[in-house]
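Okay, structure first, notes after.
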Amino acid sequence: MEAAPIHLDETPVAVSDERPRLRGFALWSVLIALMLTLFLSALDQTIVATALPTILGDLHGFNLYTWVITGYLITSTTMVPIVGKLSDQFGRKWFIVAGVLIFLAGSALSGASQTMDQLIGFRALQGIGGGMLMSLVFTSVGDIFTPAERARWQGLFTAVFALASVIGPSAGGWITDNSTWRWIFYLNLPTGALALFFLIFYLPANISVRSKYKGWDGIRRIDFIGSITAAAATVLLLLGLTWGGQTYPWGSWQVVSALVASGVLYVAFIVNERFAREPILALDLFRNQVFAAGALLALLVGMALFAVVLYLPLFIQGVLGQSAQNSGTVITPLTVTMAAAAALGGFAVARVGRYQWLAIIGGFILLLSFFMLSRMDASTSLWTVTLDMVIVGLALGCLQPVMTLAVQNALPRSRLGVGTGAVTYLRSLGSTLGTAIVGSVVNNTITSELSNRLAKIPNVNKLPPAVVSAATNQQVLVSPSLRNQLVRQVTAGATKQAQAQAVAQALAKVKAQANTQVPPGPQHDQIVAGIVAKAKPQIVQQVSQQVPPIVAHAVSTLFSQLFEATRQALAVGIQHAFTLSMIIGALAIIVTFFLKDVELVGSKPRMTQTEPAPSDQTTPTEQPEPAGALALSAAEFDILPQGIIRTASGQTQGGQRAPNEHGSEPVGGGGVAPALG
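In terms of our numbering, the sequence shown has 490 at position 507, counting the first letter as 1, and numbering is strictly consecutive.
Below is the structure:
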């Protein structure tokens, strides 16, 4: 597919494009630092989950435990689009450095927390730094490399992100078991300090394009209204989706108010972006087909990914009854495959110079994988589930790096921050939307299925409603100790009650017989009482031998039916979740066909056709042709601020190399989009 032509007068021209090319030790130092920061920010989204029970034991506050994770996610997601735009205005280096510092400060304070309120607040601070890093790391890859080089590196960075998701829960459990949960946060400090050292000394401040507006003039152009409305809208949306069906019913005023207020603020944000001088998210970006498709694909993939990550471990442990230390171990086949596919896919795109084919293949594999997942039931083998996970990981590995690469390649370098930030933001938002939507489907299905199945179980109405509720809670399916404890408690209570009833009935029978056998008289009642008292020890002994096994068997049978009903209902609920994800996968396939190829600069250098200079001339003197005479492929040329046309190999149209002001070789140009309208 040919890249869309671009006209010089429509091309967004960078104000300052004289960026040094990193090489050797400096390049590897910066890459290692960026990978470490990405790894830490991704790791802290998952590592705390397995340590929460221990944290609650130390700090208490059970009613606040979800906010330890939610607080981080809200602030990190909120920061992504804002810092992306600000880095376009003022450069990226010092925003990355600030993000690392904030992240490390939040880590240190979180580790030192003495109350749950402190931990939640410091985790929110840590999330601000984590959100800055999540946005800017992938953008910095776009600053450092040409589009063809970005392909392989974006794949590797995506693999790092996936591996962090695998290691997180396992690492959290291991650290908590072998040390103290506080080291979950303290271990960030030496690693982050090393990354900070490399970034400060080896990442050039002028590696990214920045706005021509300096000092106070640049500060006045910051979109403060857009930043505030975007942040408030994001926070309220995430709060509403987090509360819905968990803390409050979906129809409660708390959830409805949060979602409605979020919608109003998003409308205000869009109106403000229409008129802002330096909008957080320029609306004209959505006229770019590749950007619009990449952003929508990020939203859909985020929804699909989280549905899988959330419910596959529950299916394996709750439905199949497999034991696992944590969910990270259970989904290792998926995440390892995703990491490998992302890395290999990046190298393949770099070699071929095209990316749409990989996105389309990934979309079809994703649809196939969700179809296979939707056919799983309570009789599915673990081997089948593992195979399905590998296929899902392969699909997501194909799709994940393409979204960022396509968007970066379709935008001028002066907009890398806002473009990459939008993709990262929508991917995070998609995860939250996926959790809410898919979770609602699962919960409604389980409720309906349980109601139908419980009605078919005899004697279930003899149990107190609280016991039935506890026995049909999904948690009992993944915790054998909880199941056994529940059965023991109910068995003990039922046995005690049954023994008392059996003894009373036996004594009543003995008394009735004695009344008929003892003749009337003044001593009648006394004699009957003596007979009953004499028979009681033997009756109690017989009852204690006969009743407990009978009761235990009856209770065990009843609870087995309850657990099986819960297991079957959970299987159907998760089946519906994957059916919904299959619909999301179908939409993703449609979007991939709009993710048109813009040839990657540097992937296939082409020789320019120029007339050879006469032998008596020592320097070429011909001038570039006028802009009106050129129809340049966006994949073949980069526009220097001076108006010089530079090919992918670094040559000017006149045959000269364009050095930067330091005399060093300038970094390869970024992809240039089709005109943004």
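Ideal Cβ placement from N, Cα and C applies to all residues, glycine included.
Rounded straight-line distance, which links the Cα of residue j to that of residue i
i           : j           : result
residue 532 : residue 459 : 24 Å
residue 286 : residue 563 : 10 Å
residue 354 : residue 485 : 55 Å
residue 288 : residue 379 : 8 Å
residue 551 : residue 126 : 51 Å
residue 422 : residue 413 : 13 Å
residue 84  : residue 75  : 14 Å
residue 115 : residue 79  : 7 Å
residue 453 : residue 136 : 49 Å
residue 639 : residue 582 : Only weak support exists for where residue 639 lies, its pLDDT of 39 falling under 50; the value from the coordinates is given anyway. Computed Cα separation, rounded: 23 Å.
residue 632 : residue 129 : Because residue 632 sits at a pLDDT of 38, beneath the cut-off of 50, its placement in the model cannot be relied upon, and the following sentence gives the value as read from the coordinates. Roughly 11 Å separates the two Cα atoms.
residue 6   : residue 326 : 21 Å
residue 501 : residue 436 : 54 Å
residue 512 : residue 481 : 23 Å
residue 12  : residue 561 : 42 Å
residue 333 : residue 372 : 27 Å
residue 73  : residue 204 : 11 Å
residue 673 : residue 499 : Because the chain here runs from -16 to 660, residue 673 falls outside it and cannot be looked at.
residue 293 : residue 534 : 38 Å
residue 467 : residue 303 : 18 Å
residue 446 : residue 479 : 15 Å
Span of the alpha helix (DSSP H) around residue i
i           : result
residue 556 : 507 to 575
residue 237 : 236 to 258
residue 432 : 399 to 437
residue 164 : No alpha helix (DSSP H) contains residue 164, which DSSP labels as neither H nor E.
residue 100 : 99 to 127
residue 340 : 339 to 357
residue 440 : Neither: residue 440 is in no alpha helix (DSSP H) and is coded neither H nor E.
residue 328 : 315 to 335
residue 78  : 76 to 94
residue 271 : Element bounds for residue 271: n/a, residue is neither H nor E.
residue 467 : 463 to 500
residue 64  : 50 to 73
Buried versus exposed call for residue i [16 or more other C-beta atoms within 10 Å across all chains shown]
i           : result
residue 236 : exposed
residue 609 : Confidence in residue 609 is poor, its pLDDT being 35 and thus under 50, which makes the residue's placement unreliable; the coordinate value appears in the next sentence. Burial call: exposed.
residue 547 : exposed
residue 209 : buried
residue 573 : exposed
residue 188 : exposed
residue 255 : buried
residue 540 : exposed
residue 508 : exposed
residue 206 : buried
residue 171 : buried
residue 296 : buried
residue 566 : exposed
residue 118 : buried
residue 432 : buried
residue 112 : buried
Beta-carbon gap between residue i and residue j smaller than 8 Å
i           : j           : result
residue 388 : residue 134 : yes
residue 16  : residue 145 : no
residue 71  : residue 411 : no
residue 105 : residue 123 : no
residue 228 : residue 426 : yes
residue 748 : residue 213 : The structure shown does not extend to residue 748, since the chain spans only -16 to 660, so no value can be given for it.
residue 374 : residue 352 : yes
residue 305 : residue 314 : no
residue 151 : residue 318 : no
residue 579 : residue 339 : yes
residue 238 : residue 231 : yes
residue 571 : residue 283 : yes
residue 222 : residue 241 : yes
residue 163 : residue 61  : no
Contacts around residue i, its chain only, beta-carbon distance under 6 Å, and the 5 residues preceding and following it disregarded
i           : result
residue 225 : 53
residue 575 : 342, 343, 346
residue 158 : 166, 167
residue 107 : 54, 58
residue 233 : 227
residue 538 : 473, 474, 477
Residues near residue i by beta carbon distance below 7 Å, same chain, minus five either side
i           : result
residue 428 : 555, 556, 559
residue 275 : 269
Residue-level contact to chain B via CB, residue i, 8 Å cutoff
i           : result
residue 444 : The question asks about chain B, but that chain is absent: this structure has only one protein chain.
Same chain only: Cβ atoms within 8 Å of residue i, ignoring 5 sequence neighbours per side
i           : result
residue 330 : 134, 135, 138
residue 266 : 253, 256, 257
residue 443 : 437, 451, 541, 544, 545
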